[in-house]
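What follows is a set of notes on a single structure, which appears directly below.
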Amino acid sequence: MPIFEYVCEECDCQFEQLFLSPKDPPPECPKCHGKKVKKLMSIGNVRPHGIPTGSGGFKAPSCMSCRE
Ligand SMILES: [Zn+2]
């Protein structure tokens with residue numbers, strides 16, 4: 116499953132979102148819940164830890180640029 120990075124145009128929050136389906140609407144910002152998010156092109160970005168598959172499931176996205 117690819118993971119895409121998005122940036123919120125409202126608050127510049129960057130977050131990652133598991134790609135589900137092309138038919139799905141873009142995710143909303145985890146910080147301000149704004150819908151104006153832009154997909155970042157970060158092909159080839161290998162995550163060091165990855166996302167656990169199987170039982171664990173996917174954690175809710177969190178902002179990478181403004182952790183709270
Ligand atoms: Zn935002």
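If you use my numbering, the sequence shown corresponds to residues 116 to 183, in order.
Every residue gets a Cβ at the ideal spot worked out from N, C-alpha and C, and that includes glycine.
Just list the residues that DSSP pairs residue i with in beta bridges.
i	result
Glu124	Answer is none; Glu124 lacks a bridge partner.
Leu135	None; Leu135 has no bridge partner.
Glu178	The sequence given here places Cys at residue 178; Glu does not occur at that position. Phe130.
Lys154	Tyr121
Hey, residue i and residue j: beta-carbon distance below 8 Å or not?
i	j	result
Cys181	Cys128	yes
Glu131	Glu143	no
Pro145	Ser177	yes
Lys151	Glu125	yes
At a cut-off of 7 Å, would you count residue i as near ligand 2, judging by its Cβ distance to the nearest heavy atom?
i	result
Glu120	By its list of ligands, the structure shown excludes ligand 2, since it contains just ligand 1.
From residue i to residue j, what distance separates their C-alpha atoms?
i	j	result
Met179	Val122	10 Å
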